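**Student:** Just so we're aligned, residue 4 is where the sequence shown starts under our numbering, counting upward by one. Below you'll find the structure I mean.
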Amino acid sequence: MSSDPADAASPDAPESAAALDLLLTQAALGPLQRFFPGRSALRFAAALASRPGLVAGQASSLTAELARVAGGDSVVAPAAKDRRFTDPAWTGNPVLHRVMQAYLATGAAARDLVEAAPLDWRDAERMRFVVGNLVDALAPTNSLLLSPEAWKAAIDSGGGSILTGARHLAGDLAAPPRVPSMVPPDAFTVGTDLAASPGAVVLRTPVYELIQYQPTTETVRELPLLIVPPTINKYYILDLAPGRSMIEYLTAHGQQVFVMSWRNPDERHAAWGFGKYTEAIIEAVQAVAGICSADAVHLLAACSGGILASLTAAVLADRSRPAAAAGAADDNPRLASLTLLVTMLDQVRTDVVGALVDESTAQAAIAASARKGYLDGRRLAEIFAWLRPGDLIWNYWVNNYLLGREPARFDILFWNADTTRMTAGLHRDFVRTALDNALASPGGLTVLGTEIDLSRVDLDSYVVAGVADHICPWQSCYRSAQLLGGRTRFALSSSGHIAALVNPADNKKSGYQVSDDVTADAESWQRAAPAERGSWWPDYASWLRARSGGQIPAPPELGDKSYPVIEAAPGSYVRAV
């Protein structure tokens, strides 16, 4: 997906969730499913019943603390990072101060009870989620009657903030995803403020548009780069606002850059799965090689797109072996390297993801998307928000509804709200692959007739992870790098899921560790790898340049006779709703 998502100034604002398989299963089933722990709740109740002394002790401690609160003797205070109670009234007003302390004490007691109950890890994770969400929801800062900020806003505006907040609430409830808006819907214009790098669509298929970017240097490198974006949201996370665009940066460093802009599918495309998308990438690689008269193409991919790119690399590696053994020419396109950004191929999980995603939930999620033909991106956005409600629900509840303010303009949050659908077939394949951890075992998955074995992907690879990534934990990305054949350079950014992608070269607050040795375990690698200041983008541009051949004159025109210009970037698919 780190810094606090509620901070609109943070480059990692939409960082909010757990792993991809959790997002995809819960989005298909809906958010309410997570608030009913079912048998876990029954086992929790039974565990408490078997330990009456535990319950009595917690109740006694809470009663004593509430007595101290009432008497003004309690020292309970919010954590240093808890920004909900920063208004001076929460400490200066004796009534509000006691309300705050009673809430904090009760919430801590509820969480402690879950921690102390004798539950297995799966039931414990489920109960932590439910209790934590309930505690967050009941915060007095979320109440119009108790919030001093809300009262001040109402007085200062003559009641206007209440009317504006009610209008915001009604608007958000009128249509999915029915969560507080994180950014004004008209904050940016795609093609003007975002996705603004000059280029052209040179190929359009039912699955994707291929965009070639206009070189900005007199000479370019021989071997081009094809970018495969995630299949969740739209491609322009990699071509965000000028100065924050990775595509702009690489083009400025003499790289020939192309990107696939995925079609926003509907029920007609329900059957599209791994095979269809892998075929599309192979076709795009062939087109890029043809346009640039290149004998190989670099492949860069992010998140779910990285899984598809890895499948493509494995299929092409498998297809090239018979031709190489026979000494014959290989008609399949050749990859020059593989770059994976925040991509989790090894998906072993024993945390909240493993607790909430099992065979029954996976099958139910797959059946739900199959009935509709696709997974609605708005449902995904809803789940995305409810996975971190303190940051992405209640923070905006207060800002938008209680204070009657507009959310801040922020490019990443605008992209995050620009949702897309996912075909039922692709949803099924992602969920099943994650649940079975199929990519970690040679032959565990078959795509286009190829038994996928990532160890046969004998390419130089550059793999990037974010140390604060909650969607693709960096340790899993590191283990994923170890699955690949060839030489691998691993870079660990100091940021989270999104900031690892949007990491401009002039970002002085960023840092990273990098090493060409990925033989150790993850923790040993982290202790040994040298640390660098700034963004990893310059390191990657240098790595890519060394593998991109010589310099040639920049092409005067985009496309060629076989792939003529269709329309200017960012194309039509990115604008589809």
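Ideal Cβ positions, reconstructed from N, Cα and C, are used throughout, including at glycine. In this text the structure is predicted, and so the values were computed from the model without any measurement.
Assuming the contact rule is C-beta atoms closer than 8 Å, Y404 and L141 should be a hit. Round their C-beta distance to whole Å, please.
**Tutor:** Not a contact, Cβ separation roughly 16 Å.
**Student:** How long is the line joining the alpha carbons of L137 and K237, rounded to whole angstroms?
**Tutor:** Cα to Cα, L137 sits roughly 33 Å from K237.
**Student:** Within a Cβ cutoff of 6 Å, which residues of the same chain sit near R71, ignoring the five residues on either side of it in sequence?
**Tutor:** Cβ within range, chain order: S77.
**Student:** Tell me, to the nearest whole angstrom, how far the beta carbon of L65 is from that of A112; I am working on the premise that it is less than 8 Å.
**Tutor:** The Cβ separation is near 4 Å, so the contact holds.
**Student:** So what's Q516 in DSSP terms, helix, strand or just coil?
**Tutor:** In the structure shown, Q516 sits in a strand (DSSP, three-state: E or B).
**Student:** Nearest to D421 by alpha carbon, out of G163, Y106, P179?
**Tutor:** The residue with the shortest Cα to Cα distance from D421 is P179.
**Student:** For S575, count the other beta carbons within 10 Å of its own beta carbon; 16 or more makes it buried, fewer makes it exposed. Which is it?
**Tutor:** Answer is exposed; the Cβ neighbour count stays below 16.
**Student:** When the Cα atoms are used, what is the spatial distance from L442 to A304?
**Tutor:** If I take the Cα positions, the gap works out to 16 Å.
**Student:** Check whether the stretch 257–265 and the stretch 449–464 touch, using three or more Cβ-Cβ pairs below 8 Å as the test.
**Tutor:** As far as the Cβ criterion goes, the stretch 257–265 does not touch the stretch 449–464, which means the pair count is below three.
**Student:** For the beta strand (DSSP E) containing F493, name the first residue and the last one.
**Tutor:** Counting along the chain, the beta strand (DSSP E) containing F493 begins and ends at 491–496.
**Student:** Let me check understanding here. Comparing Cα to Cα, which of N96, Y515, V58 lies closest to G537?
**Tutor:** Answer by Cα proximity: Y515.
**Student:** Determine the direct distance from the alpha carbon of G407 to that of T167, and round the result to whole angstroms.
**Tutor:** Straight-line Cα distance between these residues: approximately 5 Å.
**Student:** For L197 and L416, I'd like the C-alpha separation in whole angstroms.
**Tutor:** Distance between the alpha carbons of L197 and L416 is about 12 Å.
**Student:** I need the straight-line Cα distance from L116 to S146, nearest angstrom please.
**Tutor:** Rounded to the nearest angstrom, the two C-alpha atoms are 25 Å apart.
**Student:** Pull up the DSSP beta-bridge partners for G74, would you.
**Tutor:** None, per the DSSP bridge assignment.
**Student:** Just checking my contact of V568 with V193 at CB under 8 Å: how many whole Å lie between their CB atoms?
**Tutor:** Contact doesn't hold; Cβ gap of about 19 Å is too wide.
**Student:** Could you tell me which uninterrupted alpha helix (DSSP H) segments, each at least 4 residues in length, are contained entirely in the stretch 113–151, listed from first to last along the chain?
**Tutor:** As far as the stretch 113–151 is concerned, its whole alpha helix (DSSP H) runs of at least 4 residues are 124–140.
**Student:** Enumerate in chain order the residues of its own chain whose CB-to-CB distance from T353 is below 8 Å, with the five nearest sequence positions on each side excluded.
**Tutor:** Note that T353 has pLDDT 43, beneath the 50 cutoff, so the model's placement of it is unreliable and no number is given.
**Student:** Count the C-beta pairs between the stretch 501–520 and the stretch 377–387 that are closer than 8 Å, then say yes if the count reaches three, no if not.
**Tutor:** Touching, no.
**Student:** Given this structure, state the Cα-to-Cα distance separating P541 from A290, to the nearest angstrom.
**Tutor:** Looking at the two C-alpha atoms, the distance is approximately 27 Å.
**Student:** What first and last residue would you give for the beta strand (DSSP E) that runs through W265?
**Tutor:** W265 -> beta strand (DSSP E) spans 260–265.
**Student:** Quick one: grab the DSSP three-state call for M347.
**Tutor:** DSSP places M347 in coil when its eight states are reduced to three.
**Student:** Please go through the same chain and pick out, in chain order, the residues whose beta-carbon is closer than 6 Å to the beta-carbon of Q554, but skip the five residues on each side of it.
**Tutor:** Within the same chain, Q554 has close Cβ partners T222.
**Student:** Round the Cβ separation of L241 and L504 to the nearest angstrom and send it over; I've been treating them as touching at under 8 Å.
**Tutor:** Confirmed, Cβ separation roughly 7 Å.
**Student:** I need the DSSP call for A12, collapsed to helix, strand or coil.
**Tutor:** Note that A12 scores 34 on pLDDT, short of 50, meaning its location in the model is unreliable and no value can be drawn from it.
**Student:** W546: which of A523, A557, D519, S200 sits nearest, CA to CA?
**Tutor:** Among A523, A557, D519, S200, the Cα nearest to that of W546 is on D519.
**Student:** Quick check: T491 and V521, are their CB atoms within less than 7 Å of each other?
**Tutor:** Going by C-beta atoms, T491 is nearer than 7 Å to V521.
**Student:** Return the chain-ordered list of same chain residues with a C-beta closer than 6 Å to the C-beta of G202, the five sequence neighbours on each side being excluded.
**Tutor:** Closer than 6 Å at Cβ, skipping near neighbours: I214, Q215, Y216, Q217, A572.
**Student:** Can you name, in chain order, every residue of its own chain whose Cβ lies under 6 Å from the Cβ of G276, other than the five neighbours on each side?
**Tutor:** These residues qualify, in order along the chain: G428, L429, D432.
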